[in-house]
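A.B. asks: Numbering (the working numbering), first residue to last: 1422 to 1830.
The structure that follows is given in the form of structure tokens.
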Amino acid sequence: MVERSHVHVITQQYGDEGGLASWTSRFVAMMSDFVGQVSVYVWGKGSRLTTGSASLSSRADLFDMEAERHLWMLPIEQSGMPSFKVNNELLRYTALGISTKLTAARDRSPHQDHVLLSNFMLGSGFIGATISEDLSVPHVAIAAGTDINRGLYVPSERSTLEYVLQNASVAVALNETHRRQLSRLGQLESVVCMRPSVEKEAMRLHWARDRERSIISLFSDCGYSSKKGTHALSRAVDILRSRGHKILLTICGGVEEAEKKFWQGWKAERYRAGMNEFLGFIPKDRVWELMATCDWYCSASLGEGCSNARTTAMCIGVPMVTTNTGEIVDLVTAGNDHIFVVQPGNFEDLLSGLERACRATVSDEIYVKEDFVANIRSCFDSDREALKWKEILQAAFAKPSDKLPRAGI
């Protein structure tokens, strides 16, 4: 059944830039190797589609839903209508467009099994749930991270999560904490934990610290965002420098669009201070190189699903100062010699963890546990991920047709 299936992926972002976008493109490439066909519907506004390294196979089709709805949305976008109403119309037109394409695909191949897959429960998941309800197509809803970390505490978003779970054949969380939260929220048994794999090219790398370097090198690829803790990380580094630690801080990644004005001024101020390198999106092999040669990888994130950056760093064996979120809660125990875990949203704990890392670097007391790295590499193996996804799709198709959502019920 899986081998002849047509998977319809709904995503707001797609391409080579950003965690969710790049993971989705890798995910599509992996899935197209063992299903009959994959269609990708990219609906985000200004999503900057890039397909150069997306590795789309001949069995995968890419649809730019922003371009498809443009003629209908343009009068609304230029009407001065409140942004929330514009967004409501955007979701409605997007769902209609994807429904039309899915119906046409089903008519062309009536004997092919179709399944919807959304990669973020707010937005993409909502669109997937409405289409699943209208067309009685199984829906696999993935919780990426922010949709749960924030959505559980915002009344309107929490109700959206409940609706998506109600209409999902299978719900997928990227860590055990989120799996338990979704199970309680939706009162579901069919919530599974599925951690994304790390690319095989990255698995070939091993941490190789430059012991001749007199400056402590800290690296983060979390971009520039309040939820990623970028400002808190930088402020902690400022304090440690005032205490005599010589630190080079390198940050790369995208800027949170709603916070763009703040980060422009922030970058200019810290550039003048020196010993900071602020990059935008850079090629993934360059990210891996910076990871493998820094002293410490740093993450001050307030919450994660399963961070591909952190899991890649763990597979390379990079020492790390990170908040206790996402996969870290599942996989890292207290007392680990090269991963210092701090509490999210606790600045003093972050500062203490970073200072401990600086002292360990100066005294040359960083000990990477090779057995831990080997176990992590096994956990994030790509073959394991592919096998798990086959099981998830089989579970979605196995749900009795009379229990699939139907319009009006």
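Positions of the beta carbon are idealized from the N, C-alpha and C atoms, including for glycine.
In this text, all values refer to a predicted model and were calculated from it rather than measured experimentally.
What's the C-alpha gap between Ala1730 and Ala1795?
C.D. replies: Computed Cα separation, rounded: 17 Å.
A.B. asks: Which residue or residues does DSSP assign as beta-bridge partners of Val1428?
C.D. replies: For Val1428, which the question treats as bridged, DSSP gives the partners Val1459 and Val1536.
A.B. asks: May I ask you to report which of helix, strand or coil DSSP gives Val1676?
C.D. replies: Correct three-state label for Val1676: strand.
A.B. asks: Leaving out the 5 sequence neighbours to the left and right, which residues in its chain are closer than 7 Å to His1599 when beta-carbon positions are compared?
C.D. replies: If we look at His1599 and ignore the five residues flanking it on each side, its Cβ neighbours are Ala1564, Ile1569 and Gly1726.
A.B. asks: Using the DSSP secondary-structure output, state which residues sit across from Ile1668 in a beta bridge.
C.D. replies: Answer is Ile1637.
A.B. asks: Excluding the 5 residues preceding and the 5 following Ser1478 in the sequence, name in chain order all residues of the same chain whose CB lies nearer than 6 Å to its CB.
C.D. replies: Because Ser1478 sits at a pLDDT of 47, beneath the cut-off of 50, its placement in the model cannot be relied upon, and the following sentence gives the value as read from the coordinates. Cβ within range, chain order: Ser1453.
A.B. asks: Near Val1507, what residues of its chain come up, given a Cβ to Cβ distance below 7 Å and the 5 sequence neighbours on each side ignored?
C.D. replies: Correct list, in chain order: Ile1497 and Glu1498.
A.B. asks: Just to check my reading of the structure: Thr1743 and Leu1711 have Cβ atoms closer than 8 Å, yes? What is that Cβ distance to the nearest angstrom?
C.D. replies: Actually they are not in contact, since the Cβ atoms of Thr1743 and Leu1711 sit about 16 Å apart, beyond 8 Å.
A.B. asks: What is the DSSP secondary structure of Glu1698, reduced to helix, strand or coil?
C.D. replies: Glu1698 falls in the strand class under three-state DSSP.
A.B. asks: Which word fits Pro1740, buried or exposed, when buried means at least 16 other C-beta atoms lie within 10 angstroms of its C-beta?
C.D. replies: Result: buried.
A.B. asks: Quick check: the Cα distance between Arg1827 and Arg1490, rounded to an integer number of angstroms?
C.D. replies: Only weak support is given to the placement of Arg1827: the predicted model assigns it a pLDDT of 46, under 50, and the question is left unresolved by the model.
A.B. asks: Pick out whichever of Asp1485, Gly1465, Asp1751 and Ile1749 has its Cα sitting closest to the Cα of Leu1543.
C.D. replies: Among Asp1485, Gly1465, Asp1751 and Ile1749, the Cα nearest to that of Leu1543 is on Gly1465.
A.B. asks: Which residues in the same chain as His1627 place their Cβ atom closer than 8 Å to its Cβ, once the five residues preceding and following it in sequence are excluded?
C.D. replies: So the list reads Ala1713, Ile1737 and Gly1738, once near-sequence residues are dropped.
A.B. asks: Look up Ser1720 in the DSSP assignment and say whether it is helix, strand or coil.
C.D. replies: Ser1720 falls in the strand class under three-state DSSP.
A.B. asks: Assuming Ala1594 is part of the beta strand (DSSP E), what are its boundary residues?
C.D. replies: From DSSP, the beta strand (DSSP E) with Ala1594 extends over Val1591 to Ala1594.
A.B. asks: Among Trp1684, Asp1804, Phe1640 and Lys1820, whose alpha-carbon lies nearest the alpha-carbon of Ala1778?
C.D. replies: It is Phe1640 whose Cα lies nearest to the Cα of Ala1778.
A.B. asks: From the DSSP output, which residues share a beta bridge with Tyr1584?
C.D. replies: DSSP output for Tyr1584 lists no bridge partner at all.
A.B. asks: Apply the 10 Å Cβ neighbour rule to Gly1546 and answer buried if 16 or more other Cβ atoms are within range, or exposed otherwise.
C.D. replies: Gly1546 should be labelled buried.
A.B. asks: Which of helix, strand or coil does DSSP assign to Phe1484?
C.D. replies: Residue state, collapsed to three classes: strand.
A.B. asks: Opposite Val1762 in the DSSP bridges: which residues?
C.D. replies: For Val1762, which the question treats as bridged, DSSP gives the partners Thr1743.
A.B. asks: Measuring straight from C-alpha to C-alpha, what distance separates Leu1582 and Glu1806?
C.D. replies: Using only the alpha carbons, I get a separation of about 25 Å.
A.B. asks: Would you mind reading off the limits of the beta strand (DSSP E) that contains Ile1787?
C.D. replies: First-last for Ile1787: undefined, no H or E at that position.
A.B. asks: Which of helix, strand or coil does DSSP assign to Ala1689?
C.D. replies: Helix at Ala1689.
A.B. asks: Relative to the C-alpha of Thr1732, which candidate in Asp1716, Leu1723 and Asp1751 has its C-alpha closest?
C.D. replies: The candidate whose alpha carbon is nearest that of Thr1732 is Asp1751.
A.B. asks: Pair every Cβ in the region 1570 to 1590 with every Cβ in the region 1651 to 1662, then say whether three or more of these pairs are closer than 8 Å.
C.D. replies: Judged by Cβ distances under 8 Å, the region 1570 to 1590 makes no contact with the region 1651 to 1662, as fewer than three pairs qualify.
A.B. asks: Among the residues of its own chain, which have a CB less than 7 Å from the CB of His1666, if the five just before and after it don't count?
C.D. replies: Answer for His1666: Ile1637 and Cys1779, listed in chain order.
A.B. asks: When the Cα atoms are used, what is the spatial distance from Trp1810 to Tyr1692?
C.D. replies: Taking the straight line from one Cα to the other gives about 44 Å.
A.B. asks: Which residue comes first and which comes last in the beta strand (DSSP E) that contains His1560?
C.D. replies: From DSSP, the beta strand (DSSP E) with His1560 extends over His1560 to Ala1564.
A.B. asks: List the endpoints of the continuous beta strand (DSSP E) containing Cys1614.
C.D. replies: Cys1614 -> beta strand (DSSP E) spans Val1612 to Cys1614.
A.B. asks: Do you know offhand how far Ser1426's Cα is from Ala1526's?
C.D. replies: Going from the Cα of Ser1426 to the Cα of Ala1526 covers about 12 Å.
A.B. asks: Take the Cβ of Pro1531 as the centre, count every other Cβ of all protein chains shown within 10 Å, and call the residue buried at 16 or more, exposed below.
C.D. replies: When all chains shown are included, Pro1531 counts as exposed.
A.B. asks: Tell me the DSSP secondary structure of Tyr1514 in three-state form.
C.D. replies: Helix, per DSSP.
A.B. asks: For Tyr1645, write down the residues that DSSP places opposite it in a beta bridge.
C.D. replies: Answer is Val1676.
A.B. asks: Decide if the region 1678 to 1696 is in contact with the region 1607 to 1626; the criterion is three or more beta carbon pairs, one per stretch, under 8 Å apart.
C.D. replies: No, they do not touch.
A.B. asks: I need the straight-line Cα distance from Ser1647 to Cys1719, nearest angstrom please.
C.D. replies: So the alpha carbons of these two residues sit roughly 15 Å apart.
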